[in-house]
């Protein structure tokens, strides 16, 4: 296991590098071609978000039109659980083998998942649906999701946030398209053949897009920046590409040579001079305090969205009395806000910083969750739609920002494995929060409540709000600067964090702001 997560080098021959310089024939490859290919590839992955449209179709096909059984929704949580397992385990493999192989493997697994699901619906076995779309589909989507994102961070060191946002916004686009397709297609060819047709179409699109995927050649520079977003004229080129892994003692020595090494405030976020954050090893990154905080932060940011998205069609019909067509339209529009949120917050993070973007997203979700029980009780439709769509934008924005955040914190060579592992927090929130929500929901139905009672939803908002608040609290203490992460603690200090540009210490002495002069003095003494 240690060896698997320690080796992330992607070795290519000269012949492979020559082939990858061209797309087809004499058409040279351009990094801008990668963006639409990644968008379409992610759009297929994003069809997972439209699963709620299948809930009633599958429950009706397996248990009859008068059923009060709601087991199809569990497939969504199983798929997300396997999604996280796949992305976390296959992250290092992706870095060693490249995004193309990973994309093709994901396409094959997703096709198998759809075919098994079709068989499960045909023989009326919900277990096969769980195995097909839940396990095989989830595993395929997990490795597929991280395949283009990792490579794009290397191709676009000058626009990390925008590149990540454009790529993963395709994930939101998939649900927009898919929300309107299952009902008419199932009516025309039957539900089993719907999964066969869609699975085959997805496979073709994913394979075509995967052949575009590749990583930059060694020594790649664009707009004066290398893949670490460091200006190439600010340090010795041989030293830059010779090694990127150092001990903390070596980091201190290098930081002393270049005390100005930090991210500047320009739009592209280029680093000037040597930045020790680029040298951290993968295993050190896994065990770092910042990664643990970011893990909980990301879990909190996904908890509300993943539960509500899976139940949105049901809430629209059961609580707000929308018909099936209107509910599917709401799901489609919701997918649009998911898409917009991924692009908007990812682009915004290039301007205001990744941490500040997460503070905005988590804070907005907390306010919305506090208001939702009242909105649902009063059946205020416009307030519900506005709240859900803003919440979904914040949910999607978390996925748009996290690749660039990880790349900024731990370097581009570690992003594939770290991105995969941090997605397990999404899976945990999907499985844990999803199953807890379902258990409470079904228990209340068994005790006399009906699907039209808002209480079965609003009671769940309380513990979801607590999870979001925890994520917001953790985000406060993520130290994004190398100085914040390495500055030693003073006697009696528990931890410190930079808030509003100044370091705030927490300890036995209470709360204490550090002056700029004191900070400069302590840092000079440290290095």
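In my numbering, the protein residues as written are 328 to 854. All C-beta atoms, glycine included, are put in the ideal place defined by N, C-alpha and C.
Quiz prompt | Where residue 672 falls: helix, strand or coil (DSSP) | solution = In the chain shown, counting from the first residue as 1, residue 672 sits at position 345. Correct three-state label for residue 672: helix.
Quiz item: On the three-state DSSP scale, how would you describe residue 553?
Solution: Locating residue 553 in the chain shown gives position 226, counting from the first residue. Residue 553: strand per DSSP, three-state reduction.
Quiz prompt | Rounded Cβ spacing between residue 513 and residue 389 (contact assumed at less than 8 Å) | solution = In the chain shown, counting from the first residue as 1, residue 513 sits at position 186. In the chain shown, counting from the first residue as 1, residue 389 sits at position 62. Taking the Cβ atoms as the reference, residue 513 lies roughly 13 Å from residue 389, outside the contact range of under 8 Å.
Quiz item: residue 639 and residue 657 look like a contact to me (Cβ under 8 Å); what is the Cβ gap, rounded to whole Å?
Solution: Along the chain shown, one-based indexing puts residue 639 at 312. Along the chain shown, one-based indexing puts residue 657 at 330. Confirmed, Cβ separation roughly 7 Å.
Self-check item: Complete beta strand (DSSP E) runs within the stretch 815-849 (minimum length 3 residues, chain order)
Solution: Counting only runs of 3 or more, we get 820-826, 829-834, 837-840.
Exercise. Specify the secondary structure class of residue 486 as computed by DSSP and reduced to three states.
Key: On the chain shown, position 159 is the one that residue 486 refers to. Three-state DSSP puts residue 486 in coil, outside helix and strand.
Quiz prompt | Contact the stretch 399-413 vs the stretch 530-549: 3+ CB pairs below 8 Å | solution = As far as the Cβ criterion goes, the stretch 399-413 does not touch the stretch 530-549, which means the pair count is below three.
Quiz item: For the 8 Å Cβ check, are there 3 or more pairs between the stretch 645-657 and the stretch 671-690?
Solution: Result no; under three Cβ-Cβ pairs closer than 8 Å.
Quiz prompt | Candidates 426, 391, 365, 374: closest to residue 337 by CA position | solution = Working through the chain shown from its first residue, we reach residue 337 at position 10. Out of 426, 391, 365, 374, the CA that lies nearest to the CA of residue 337 is found in 426.
Self-check item: Where residue 758 falls: helix, strand or coil (DSSP)
Solution: Residue mapping note: residue 758 aligns to position 431 of the chain shown, counting from 1. Per DSSP, reduced to three states, the secondary structure at residue 758 is helical.
Self-check item: Sufficient close CB pairs (3 or more, under 8 Å) joining the stretch 621-628 to the stretch 744-753
Solution: Result yes; three or more Cβ-Cβ pairs closer than 8 Å.
Quiz item: Are the Cβ atoms of residue 556 and residue 369 separated by less than 7 Å?
Solution: Locating residue 556 in the chain shown gives position 229, where the first residue counts as 1. Locating residue 369 in the chain shown gives position 42, where the first residue counts as 1. In this structure, residue 369 does not lie closer than 7 Å to residue 556 by Cβ.
Quiz item: What's the C-alpha gap between residue 468 and residue 423?
Solution: Counting from one through the chain shown, the residue named residue 468 turns up at place 141. Counting from one through the chain shown, the residue named residue 423 turns up at place 96. Their backbone Cα atoms lie some 19 Å apart in a straight line.
Quiz item: Excluding five sequence neighbours on each side, which residues of the same chain lie with their C-beta closer than 8 Å to the C-beta of residue 745?
Solution: For the purposes of this step, residue 745 is identified with residue 418 of the chain shown, where counting begins at 1. Counting only Cβ-Cβ distances below 8 Å, and skipping sequence neighbours, we find 418, 609, 612, 613, 618, 733, 737.
Quiz item: Buried or exposed: where does residue 756 fall if 16 or more other Cβ atoms within 10 Å of its Cβ makes it buried?
Solution: To locate residue 756, count along the chain shown from 1; it is residue 429. With 16 or more other Cβ atoms within 10 Å, it is buried.
Quiz prompt | Touching by the beta-carbon criterion (3+ pairs, under 8 Å), the stretch 491-511 and the stretch 715-732 | solution = Below 8 Å, enough C-beta pairs join the stretch 491-511 and the stretch 715-732 to call them touching: three or more.
Quiz prompt | CB-CB length for residue 714 against residue 695, believed under 8 Å | solution = By 1-based counting over the chain shown, the position of residue 714 is 387. By 1-based counting over the chain shown, the position of residue 695 is 368. Between residue 695 and residue 714 the Cβ distance is about 5 Å, and since that is below 8 Å, they are a contact.
Exercise. May I have the straight-line CA-CA distance separating residue 730 from residue 743, to the nearest angstrom?
Key: Residue numbering aside, residue 730 sits at position 403 when the chain shown is read from its first letter. Residue numbering aside, residue 743 sits at position 416 when the chain shown is read from its first letter. So the two alpha carbons sit approximately 9 Å from each other.
Quiz item: Under a Cβ-count criterion, where at least 16 other Cβ atoms within 10 Å of its own Cβ denotes burial, should residue 380 be classed as buried or exposed?
Solution: Position 53 of the chain shown, counting from 1, holds the residue named residue 380. Counting C-beta atoms within 10 angstroms of its own C-beta, residue 380 has 16 or more neighbours from the protein chains shown and is therefore classed as buried.
Self-check item: Span separating the alpha-carbon of residue 572 from that of residue 511
Solution: Locating residue 572 in the chain shown gives position 245, counting from the first residue. Locating residue 511 in the chain shown gives position 184, counting from the first residue. Summary for residue 572: the model assigns pLDDT 43, below 50, so the residue's position carries little reliability; its value from the coordinates is reported in the next sentence. Taking the CA atoms as reference points, residue 572 sits about 55 Å from residue 511.
Exercise. Could you pull out every residue in the same chain whose Cβ sits closer than 6 Å to the Cβ of residue 666, ignoring the five residues on either side in sequence?
Key: Within the chain shown, the letter at position 339 stands for residue 666. Around residue 666: 496, 499, 500.
Quiz item: To which residues does DSSP link residue 782 through a beta bridge?
Solution: The residue given as residue 782 occupies position 455 in the chain shown. The secondary-structure analysis by DSSP pairs residue 782 with nothing; it has no beta-bridge partner.
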